[in-house]
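Right, one structure below, let's go through it.
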Amino acid sequence: MLTKILSMANIGLKTENVEVEVNVADKGFPGFGIVGLASKAVEETKERVKTAIINSDIEFPTAKITINLAPADLAKEGSGYDLPVAIGIISAIGELVLPKEKAYFYGELSLDGSLRHTRGVFLLALLAKEEGVKNIFVPRMSANEASVVEDINVYPVDNLKSLIRHFKGEKLIEALKPVNVTEILSDITPEFDFSEVLGQQQAKRALEIAAAGGHNIFMMGPPGSGKTMLARAMAGILPNLTEKESLEVTKIYSLTGNIPPGGSLIRQRPFRSPHHTTSQIGLIGGGSNPHPGEISLAHRGVLFLDEFPEFGRNSLEALRQPLEDGYVCVSRAAGSVTFPAQFMLVAAANPCPCGHLGDPKKDCKCSGYQILNYQKKLSGPIMDRIDLHLTVPAVDVNNLMIDKEKVKGESSVEIKKRINEARKIQSERFKSLAHIHSNSDMKNSHLKEFAKLSDEANLLLKQAVNKFALSARSYFRLIKVARTIADLEKSEIIKEVHVAEALQYRVRNDG
Amino acid sequence: MNEWKKWPIKIIEKKDFPKGLKKISDCPEKLYYRGNWSDEIFENTLAIVGSRAMTRYGKEIISKFMPELIVQKITIISGFMYGVDSEAHRDCLDLGGKTIAVLGSGLNELYPSQNDKLYSEILEKNGLIISEYEPDFKATIWSFPQRNRIVSALSTIGVLIVEAGLKSGSLITAKLALKQKKRMFAVPGQIGSKTAEGTNWLIQSGGAKMATSVNDILGNSIHCPDQQNLFKDYSNLSDLEKQIVEVLENEEVTIDELCMKIRSPVSEISTTISMMLMRDLIVQENDKIYLS
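Rendered as C-alpha cells:
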C-alpha cells in the first residue's frame, strides 16, 4: 500500500517541498530502504522509526518497505524526516487514516516515540504559508518558532501515540495560538551597562555612533584598556530589532538549530564573537552542503572579532566582499547558495604582538619586523571598509577613581533611547528602499539625496580630504558617519560640527 | 628593491683609517664600505644612538637638533637599526646632511629589511655604509654590540644618546664610548618613562652631559630660538579652545583626558579638536594631542 506525506528540504535558506512516498509491499523479501539522495542522518531514520513505532505499541510490519524522498535529485539532510516516514508507515499498514486536507510533517523521533527539538521548523512554517497549506505537525519543543507565522495551524506533537489518537479523533491536539510579533519584540534589559565602563568617553561615544548608524568600527589599544568590555557592553545599546529584521534573523537561527527548545522569534540583535582560530568556512560559511557561517549568524547584529590580526589572512580577506555587499554567495559542487550577512563589524586589536607599543609605562618587546608583519594584516582594503577608527588608550587607575566620583557615565538605557530615535529617523528616510535600513547601508549614489551637507560642512570636508590625504572610499564613509552624528542630534542637514566630529574617527595612517 | 647593490663594495686597510678609529685597542684590520670614502666626511662627526623602540619624544628631539647640526656641517654616524638610528639617518638626509651607517651585518645583508630605501638613499646622497664583516655575513646577537665600538670611535665630537632603556644596546655604546674617552651627551626624559631610564641614569651618574639643545653639545654655537611658535596664531580662540591650549601647554593628552580636565561632553571636544587640527593649531598622533 502506498502513502504520500508532505515534508520539506532546505537548500541554504530556501525551502522546497519534499514528498515522502512510503510503500509497504506484502510481496518480496522483508526489508527497509530509503532512496532519494539521503544523507547519513536520513539513512539512520530507519532505525529510529522502526524502534519508535514498536515502542508506541504498534506492530512493525514484516514486509518490504520502500521510502522515496522526491524529488530524487535533491540532497536531503537532517533528522526531520523521521516523523513523515513513521506516519507514512503507520498509515500504510492501516493503523490510522490521514485526513484529506494537506499537511506538512517534520520532526525528529526519539526511540521511545516522542518528538525531539528539530531545526528548521520556522522555515517550514514560512513554506506552508507560501504554499497555502493550512496545517503543520511539528515537535512541541520547536512549535513556538512556527507560531509567529500567520494564517497557519501549528499542531505541537508530543509523541507518536498522541498524534495517532489525534487522527483517530480520540483526543485532538490543540493548535497553538498565533503570537503577535510586536508583542514579543518589547524591550529587553541589557546584561552589561555602559555606566559600568569607567573612563573611555571617546570610545563610548564612538560605539554609540556605530550602533546608531550600523557602522563598522575598529578599536586599537593596549591590553587591559577595556576593548573587549566595551564591545560586550555594546550588545546592550543595540537598537531593537524591527519585525522584518527579526524574521530574517530567526530564519537563519532556525536553519542552524540555534533556537533553543521552546524558543520562538529571535528578539535581540545577534552578538557573535568567534574565536580567532575559527576557520574560514566557520566564519564565512560553506561546506560541501553549504551552511551559514558566523557572518550570517551575525546578520542584523554585531560580529565582534577580538584580536583581529590574529585571524587567518584568508579569513580576513574573505570578509571584504560580504562587508561591502551585505550577503555572501557560497558556491559548491552541490550548488550555489546566498546567505544574508548584513552585520556590523566590531574589530579590536593590540598595537603590536606584545601590546605595549607606544605605551609610556611599559617596554614593547617586539622587533620591528614583528610589528610590521602585525600591522600589515590591518592595512589596506579591509581597513578601508571600516567607518570608525578608534584608539583606546590605556586607562590610568588614578583617573578611574576621580572619574567615578565626579562623572557618572550615562546608562545603557539612556544611550539606547537616543540610538532608537536615530534609527527611527533612518528607517523613515529609507522606507522606499528595500535593502537599506541604516546609514551604513547607503550606497554612494544615495548620499546626494540623503546626506545633504551645509556649505561650511562641505568646505571643511574638502579641506580634510587634502590635509589627511583621504581616499575616495574614506571620504564617503566620513559623510555617512557625519550623517549618523547629525541623526543623533536630530538635524536634517549635516553641519560643520558633525563633519568635524566624524573626522576624529577617520582612518589613521600615522599609527 | 636592492638598488643599493649597484654601488660596488670596496675595502679599506687599517693604515687609511681616520685617526680616532686607528687608536682603539680592538681596531679591525680592514673595513668594507659602499659609497665615497673621503677624509672630510670624517672630519666633524657626531654619533647619534638610541632605542629601537623610539617614542614620539625621541623623534621630536632628533628633528629639533638636526637642523643646527647640519648647518654646522656635522656628519651624523649611527647604527642603521630601526628606531632612533634610522630616524637620525633619515632626518639628516632630508635636511641635506651627510651620514655614515655602520652595519652589524655584512654589506650585502639588508637588516632591518624595511630600511631598503634608506640604504640606497644614504649612498645616493654621498654618505657611507660601513661594515667590518664579510659582505655575506648575517647579523648575530653579538655583532650589533661589537659594531658599536666603531660607531663611537668614528665620532669626533662625541656620542649623543637620545632614548635608551636601562638594559639596551645604547648603553653598551655608552660604555664603549667611555672606554674610548669620548665625550658623551644624553637627552633627559620624563621620569617613569621606560625609554628614559637609561639616559637619565647616564646623566645622574655623571657619565654623560645633559643635552637639552645643540648648544650643550657644540658648546660655542649661536643659539637659534625656536621659531615655530612665532608663526602660530593663538588669538581668536573660543573659550573651549583656550582651555584646550592651556592644558596642552603643560602636557600632551588624549581626548579622554581632556574630557576629564575640561568637563565638556566628548562630542564637543572631538569636534573642537578636529577644527583646531584643520587650523594647524595642534597635532594629533596616535591617541595623543600636542600643540604644534
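Protein chains in written order, with this note's numbering: chain W, 1 to 511; chain E, 1 to 292. For each residue, glycine too, the CB sits at the ideal point set by N, CA and C. As the structure is a prediction and not an experimental result, all values here were calculated from the model.
Chain E beta carbons: is any one of them nearer than 8 Å to that of residue i?
i, result
"W:Leu372", "yes"
"W:Asp510", "Here the model assigns W:Asp510 a pLDDT of 45, short of 50, so the residue's position is not dependable, and the following value carries that caveat. Yes - at least one Cβ of chain E is within 8 Å of the one on W:Asp510."
"W:Gln375", "no"
"W:Lys362", "yes"
"W:Lys227", "no"
"W:Tyr369", "yes"
"W:Gln321", "no"
"W:Gly380", "no"
"W:Gly358", "yes"
"W:Gln280", "no"
"W:Pro340", "no"
"W:Gln426", "no"
"W:Lys134", "no"
"W:Gln202", "yes"
"W:Lys467", "yes"
Determine which residues share a DSSP beta bridge with residue i and list them.
i, result
"E:Gln284", "E:Ile289"
"W:Ala125", "None; W:Ala125 has no bridge partner."
"W:Phe60", "Its beta-bridge partners do not exist; DSSP assigns none."
"W:Pro340", "W:Tyr327"
"W:Pro139", "W:Val157"
"W:Met383", "Partner(s): none; W:Met383 has no beta bridge."
"E:Lys209", "E:Phe185"
"W:Pro292", "W:Gly285"
"W:Ser114", "W:Asn159"
"W:Ala333", "For W:Ala333, which the question treats as bridged, DSSP gives no partner whatsoever."
Given this structure, state the Cα-to-Cα distance separating residue i from residue j, to the nearest angstrom.
i, j, result
"W:Ala52", "W:Ser114", "8 Å"
"W:Val507", "W:Pro309", "17 Å"
"E:Lys22", "E:Pro145", "19 Å"
"E:Ile172", "W:Thr391", "35 Å"
"W:Ala206", "E:Glu87", "34 Å"
"W:Lys495", "W:Ser273", "36 Å"
"W:Ser440", "W:Gly409", "27 Å"
"W:Asn466", "W:Arg477", "16 Å"
"E:Ala174", "W:Thr278", "49 Å"
"E:Ile191", "E:Gly198", "11 Å"
"W:Thr256", "W:Ala212", "28 Å"
"W:Ile546", "W:Ile284", "Outside the shown range of chain W (1 to 511) lies residue 546 of chain W, about which nothing can therefore be said."
"W:Val481", "E:Ile244", "25 Å"
"W:His66", "W:Leu2", "Per the sequence shown, residue 66 of chain W should be read as Thr rather than His. Each residue's Cα considered, the two are about 9 Å apart."
"E:Ser221", "E:Pro67", "Annotation note: pLDDT 43 at E:Ser221 (below 50); position unreliable, coordinate value reported separately. Their Cα atoms are separated by approximately 13 Å."
"W:Leu126", "W:Ala38", "23 Å"
"W:Glu501", "W:Met383", "20 Å"
"W:Asp73", "W:Ala464", "59 Å"
"W:Gly132", "W:Val149", "12 Å"
Check the Cβ-Cβ distances between residue i and every residue of chain W, and say whether any is below 8 Å.
i, result
"E:Tyr82", "yes"
"E:Met1", "no"
"E:Ala139", "no"
"E:Gly165", "yes"
"E:Ala53", "yes"
"E:Phe231", "At E:Phe231, the pLDDT of 49 sits below 50, so the modelled position is not reliable; the number obtained from the coordinates is stated separately. With 8 Å as the cut-off, E:Phe231 does not count as an interface residue toward chain W."
For a contact meaning CB atoms closer than 8 Å, what does residue i contact in chain E?
i, result
"W:Glu501", "Ser267, Ser270, Thr271 and Ser274"
"W:Arg205", "Val266, Ser267 and Ser270"
Strictly below 7 Å CB to CB, what residues from chain A border residue i?
i, result
"W:Ala464", "Checking the listed chains, one finds no chain A in this structure; the protein chains it contains are W and E."
List the residues of chain W that residue i touches, going by C-beta distances under 9 Å, in chain order.
i, result
"E:Gly169", "By Cβ distance, chain W contributes nothing, its closest Cβ being about 13 Å from E:Gly169, past 9 Å."
Residues of chain E with a CB under 7 Å from the CB of residue i: which are they?
i, result
"W:Pro393", "Thr254, Asp256 and Asp287"
"W:Lys129", "In chain order: nothing, as chain E lies at least about 46 Å away."
"W:Gly199", "Asp256"
"W:Lys251", "Per Cβ cutoff of 7 Å: no residues; W:Lys251 is ~37 Å from chain E at best."
What does residue i reach in chain E if we use C-beta pairs closer than 9 Å?
i, result
"W:Lys431", "Those within 9 Å of W:Lys431 in chain E number zero; the least Cβ separation is about 28 Å."
So if I threshold CB-CB distances at 7 Å, which residues from the segment 251 to 276 of chain E count as touching chain W?
Thr254, Ile255, Asp256, Cys259, Met260, Val266, Ser267, Ser270, Thr271, Ile273, Ser274 and Met275
If contact means a Cβ-Cβ distance below 8 Å, which residues of the segment 88 to 118 of chain E contact chain W?
Pro112, Ser113 and Gln114
Positions along the segment 185 to 199 of chain E whose CB lies within less than 9 Å of some CB in chain W
Gln190, Gly192, Ser193, Lys194 and Thr195
What residues in the segment 439 to 463 of chain W have a beta carbon less than 9 Å from any beta carbon of chain E?
Leu460 and Gln463
Listed in chain order, which residues of the segment 472 to 506 of chain W have Cβ atoms closer than 7 Å to some Cβ of chain E?
Val497, Ala500, Glu501, Leu503 and Gln504
Report the residues of the segment 411 to 424 of chain W with a CB closer than 7 Å to any CB of chain E, ordered along the chain.
none
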